[in-house]
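Novice: Just so you know, our numbering puts 30 at position 30 of the sequence shown, and the rest follows in order with no gaps. Note that CB positions come from ideal geometry on N, CA and C, so glycine has one too. One structure coming up, written as structure tokens, with questions to follow.
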Amino acid sequence: MTDPAAGSPHVCESTPIRDLPLQHLAGFTHRWVDVDGIRIHAVEGGRRSGPAVVLLAGFPQTWWAWRKVMPGLTHRFHVIAIDLPGQGHSERPERSYDTHAVAAHVHTAVKALGVSTYSLVAHDVGAWVAFSLALDFECHLRGVALLDAGIPGITLPEAIPTDPDRAWKTWHFAFHVVPDLPETLLAGREREYVGWFLKVKALSPGTFDDSEIDHYAAALALDGGLRASLAYYRDAAESARKNREALKRRHLTVPVLGISSTHGSIADMAASISPWADNTTGIVVPDAGHFIPDEQPEAIVAAITDFITDCD
1 MTDPAAGSPH
11 VCESTPIRDL
21 PLQHLAGFTH
31 RWVDVDGIRI
41 HAVEGGRRSG
51 PAVVLLAGFP
61 QTWWAWRKVM
71 PGLTHRFHVI
81 AIDLPGQGHS
91 ERPERSYDTH
101 AVAAHVHTAV
111 KALGVSTYSL
121 VAHDVGAWVA
131 FSLALDFECH
141 LRGVALLDAG
151 IPGITLPEAI
161 PTDPDRAWKT
171 WHFAFHVVPD
181 LPETLLAGRE
191 REYVGWFLKV
201 KALSPGTFDD
211 SEIDHYAAAL
221 ALDGGLRASL
231 AYYRDAAESA
241 RKNREALKRR
251 HLTVPVLGIS
261 STHGSIADMA
271 ASISPWADNT
281 TGIVVPDAGH
291 FIPDEQPEAI
301 VAAITDFITD
311 CD
């Protein structure tokens, strides 16, 4: 899975995104893995001898989206939160961001950290990557938990609704795929844009404080972060095509947990995934909008713990 010209993946200790302050979490260590010509950021902690759980965040967040969840997992699990390529303190390469290509980078990075089998827990665009990773590397996974995400080619609708009561949840999918225009309109206004998502899509507008909005906005604004974040949407059609091609060969057999919320985007994640996965269960987290790990972290810790325990 690695590019021979780039050499074997290896762990290093320097960030390529130097102007973005690091967010520190007690008991966790920052790592960077050079793999496939990309430096990928991971935050690692917990019990190295325990089952590994890999966390992937979505738009417009970084690994910091899991900051309230990670401490609750450390007593039982080896916890690794990863910034996807283009996200947070990972590099923003000018190459394909289709989710199968990104999934290969993520899986190789996890292996470089010494982990051969693991559970995946992923939200939003992170769940897009997790679904494709499960299709390509299922034999390495104990289970996959997917939080409030429409998966390209699977559950992401082809048409964007125009009804105002629903359109506010999905309008940006069409906007993000338009060439150049989003960059033109959003450059210098990243904080306003990020703040809209975090305030409107959470059940409580006060879920995120100013420092969190500042962090996510800075990550988007620096070193091609906006271009890279939009690339996931611009390559979604290719992600969808590859997902559909893979599912013609076989369905997922790894256990899948669909996590929805009472005020999120996908009413029943488990039902939306079950036609393509043979072992699917689901929960609905109360009193939460789209950003479930931020809004109800204790419920997510409990759900992950129960799910991984059952898988083992």
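#1: Starting from Ala314, follow the beta strand (DSSP E) in both directions and report where the run begins and ends.
#2: CA-CA distance, Arg227 and Ala187?
#3: Three-state secondary structure (DSSP) at Tyr97?
#4: Using the C-alpha atoms, what's the distance from Pro60 back to Phe197?
#5: So is Glu190 buried or exposed if we call it buried at 16+ other beta carbons inside 10 Å?
#6: Grab me the residues of Leu22's own chain with a C-beta within less than 8 angstroms of its C-beta, minus the 5 sequence neighbours each way, in chain order.
#7: Using only the alpha-carbon positions, how far apart do Pro157 and Val254 sit?
#8: List the whole-angstrom C-beta distance separating Thr108 from Val35, where the pair is believed to meet the contact cut-off of C-beta under 8 angstroms.
#9: Would you mind stating whether Gly86 and Ser229 have Cβ atoms separated by less than 9 angstroms?
#10: Between which two residues does the alpha helix (DSSP H) containing Cys139 stretch?
#11: To the nearest angstrom, how far is the alpha carbon of Val285 from that of Thr99?
#12: Determine the contact status of Ala52 and Ala65, defining contact as a CB-CB distance below 9 angstroms.
#13: Hey, could you find the ends of the beta strand (DSSP E) His30 is sitting in?
#14: Which residue wins for smallest C-alpha separation from Gln296, given the options Thr281, Gly195, Leu252 and Ser260?
#15: Please say whether Leu247 and Ile154 have beta carbons closer to each other than 9 angstroms?
#16: Roughly how many whole angstroms lie between the Cα atoms of Val106 and Pro205?
#17: With respect to the alpha helix (DSSP H) encompassing Ser229, which residues constitute its N-terminal and C-terminal limits?
#18: If you run the structure through DSSP and keep just helix, strand and coil, what is Ser204?
#19: Spatial neighbours of Asn279 within its chain, please: CB distance less than 6 angstroms, with the 5 preceding and 5 following residues excluded, ordered by chain position.
#20: Check each candidate in Gly264, Arg250 and Tyr216 and name the one with the smallest Cα separation from Ser132.
#21: For the putative contact between Asp148 and Gly264, defined by C-beta atoms under 8 angstroms, what is the C-beta separation to the nearest angstrom?
#22: On a CA-only basis, which of Pro293, His41 and Phe175 is nearest Tyr193? Give me that one, please.
#23: Got a sec: does the ligand NAD put a non-hydrogen atom nearer than 8 angstroms to the Cβ of Ala134?
#24: Exposed or buried, what is Ser239 when buried is set at 16 or more other beta-carbons lying within 10 Å of its beta-carbon?
#25: Report the rounded CA-to-CA distance for Phe173 versus Ile80, giving the unit in angstroms.
#26: Exposed or buried, what is Pro293 when buried is set at 16 or more other beta-carbons lying within 10 Å of its beta-carbon?
#27: Can you list, in chain order, the residues of its chain whose CB lies under 7 angstroms from that of Ala130, leaving out five sequence neighbours each side?
#28: Assuming Gly46 contacts Leu73 under a Cβ cut-off of 8 angstroms, what Cβ separation, rounded to an integer in Å, is found between them?
#29: Can you tell me whether Val200 is buried or exposed, with buried defined as 16 or more other CB within 10 angstroms of its CB?
#30: Indicate whether Pro152 and Trp128 have their beta-carbon atoms separated by less than 9 angstroms.
#31: In whole angstroms, what is the alpha-carbon distance linking Asp136 and Met269?
#32: Find out if the Cβ-Cβ distance for the pair Tyr216, Thr62 is shorter than 9 angstroms.
#33: Any idea what DSSP makes of Val178, helix, strand or coil?
#34: Quick check: the Cα distance between Leu257 and Phe208, rounded to an integer number of angstroms?
Specialist: Taking the structure as given:
#1: Past the boundaries of the shown model lies residue 314; the chain is included only from 1 to 312, so the question cannot be answered.
#2: Numbered from 1 along the sequence shown, position 227 holds the residue referred to as residue 227. Numbered from 1 along the sequence shown, position 187 holds the residue referred to as residue 187. Rounded to the nearest whole angstrom, the C-alpha separation of Arg227 and Ala187 is 10 angstroms.
#3: On the sequence shown, position 97 is the one that residue 97 refers to. DSSP places Tyr97 outside both helix and strand once states are collapsed to three, so it counts as coil.
#4: In the sequence shown, the residue the question calls residue 197 occupies position 197. In the sequence shown, the residue the question calls residue 60 occupies position 60. Whole-angstrom Cα-Cα distance: 8 angstroms.
#5: The residue labelled residue 190 in the question sits at position 190 within the sequence shown. With a 10 Å radius around the Cβ and a threshold of 16 neighbouring Cβ atoms, Glu190 comes out buried.
#6: Here residue 22 corresponds to residue number 22 of the sequence shown, with the count starting at 1. Closer than 8 angstroms at Cβ, skipping near neighbours: Thr15, His30 and His89.
#7: Walking along the sequence shown from the start, residue 157 turns up at place 157. Walking along the sequence shown from the start, residue 254 turns up at place 254. Going by the C-alpha atoms only, they are around 24 angstroms apart.
#8: Numbered from 1 along the sequence shown, position 108 holds the residue referred to as residue 108. Numbered from 1 along the sequence shown, position 35 holds the residue referred to as residue 35. That belief holds up - the Cβ atoms of Thr108 and Val35 are roughly 5 angstroms apart, short of 8 angstroms.
#9: Within the sequence shown, the letter at position 86 stands for residue 86. Within the sequence shown, the letter at position 229 stands for residue 229. Result yes, Cβ atoms of Gly86 and Ser229 sit closer than 9 angstroms.
#10: One-based indexing of the sequence shown puts residue 139 at position 139. According to the DSSP assignment, Cys139 belongs to no alpha helix (DSSP H), since it is labelled neither H nor E.
#11: Taking the first residue of the sequence shown as position 1, residue 285 is located at position 285. Taking the first residue of the sequence shown as position 1, residue 99 is located at position 99. Computed Cα separation, rounded: 26 angstroms.
#12: Here residue 52 is taken as the residue at index 52 of the sequence shown, counted from 1. Here residue 65 is taken as the residue at index 65 of the sequence shown, counted from 1. Against a cut-off of 9 angstroms, the Cβ pair of Ala65 and Ala52 comes out as no contact.
#13: Here residue 30 refers to the residue found at position 30 when the sequence shown is read from its first residue. DSSP places His30 inside the beta strand (DSSP E), whose first and last residues are Phe28 to Val35.
#14: What you label residue 296 is simply residue 296 of the sequence shown in a count that begins at 1. Measuring from the Cα of Gln296, the nearest candidate turns out to be Ser260.
#15: Taking the sequence shown and counting its residues from 1, one reaches residue 154 at position 154. Taking the sequence shown and counting its residues from 1, one reaches residue 247 at position 247. A Cβ-Cβ contact shorter than 9 angstroms links Ile154 with Leu247.
#16: Looking up residue 106 in the sequence shown gives position 106. Looking up residue 205 in the sequence shown gives position 205. Answer to the nearest angstrom: the Cα atoms are 32 angstroms apart.
#17: As a working note, residue 229 is residue 229 in the sequence shown. Start and end: Gly225 to Arg234.
#18: In the sequence shown, residue 204 corresponds to position 204, counting from 1. The DSSP-derived three-state label of Ser204 is coil.
#19: As a position in the sequence shown, residue 279 is number 279, starting the count at 1. Excluding positions up to five away in sequence, the list reads Pro255.
#20: Position 132 of the sequence shown, counted from the start, is the residue given in the question as residue 132. Among Gly264, Arg250 and Tyr216, the Cα nearest to that of Ser132 belongs to Arg250.
#21: As a working mapping, residue 148 is identified with position 148 in the sequence shown. As a working mapping, residue 264 is identified with position 264 in the sequence shown. Correct: roughly 4 angstroms between the Cβ atoms.
#22: In the sequence shown, residue 193 corresponds to position 193, counting from 1. The shortest Cα separation from Tyr193 among Pro293, His41 and Phe175 belongs to Phe175.
#23: The model on display carries no ligand, and the ligand NAD is accordingly not part of it.
#24: As a working note, residue 239 is residue 239 in the sequence shown. Counting other Cβ atoms within 10 Å of its Cβ, Ser239 reaches 16 or more and is therefore classed as buried.
#25: Sequence index remark: in the sequence shown, residue 173 carries index 173 (1-based). Sequence index remark: in the sequence shown, residue 80 carries index 80 (1-based). Taking the straight line joining both Cα atoms gives about 29 angstroms.
#26: For the purposes of this step, residue 293 is taken as residue 293 along the sequence shown, with counting starting at 1. Buried: at least 16 other Cβ atoms inside 10 Å.
#27: Walking along the sequence shown from the start, residue 130 turns up at place 130. So the qualifying residues of the chain are Leu56, Leu120, Ala122, Val144 and Leu146.
#28: Taking the first residue of the sequence shown as position 1, residue 46 is located at position 46. Taking the first residue of the sequence shown as position 1, residue 73 is located at position 73. Rounded, the Cβ-Cβ distance is 6 angstroms, consistent with contact.
#29: For the purposes of this step, residue 200 is taken as the residue at position 200 of the sequence shown. Classification for Val200: exposed.
#30: What you label residue 152 is simply residue 152 of the sequence shown in a count that begins at 1. What you label residue 128 is simply residue 128 of the sequence shown in a count that begins at 1. In contact: Pro152 and Trp128 (Cβ atoms closer than 9 angstroms).
#31: Along the sequence shown, read from residue 1 onward, the residue named residue 136 stands at position 136. Along the sequence shown, read from residue 1 onward, the residue named residue 269 stands at position 269. Straight through space, the alpha carbons of Met269 and Asp136 are spaced by roughly 21 angstroms.
#32: For the purposes of this step, residue 216 is taken as residue 216 along the sequence shown, with counting starting at 1. For the purposes of this step, residue 62 is taken as residue 62 along the sequence shown, with counting starting at 1. Going by C-beta atoms, Tyr216 is nearer than 9 angstroms to Thr62.
#33: For this step, residue 178 is matched to residue 178 along the sequence shown. Here Val178 carries a coil assignment [DSSP, helix/strand/coil].
#34: Here residue 257 corresponds to residue number 257 of the sequence shown, with the count starting at 1. Here residue 208 corresponds to residue number 208 of the sequence shown, with the count starting at 1. In a straight line, the C-alpha of Leu257 is about 26 angstroms away from that of Phe208.
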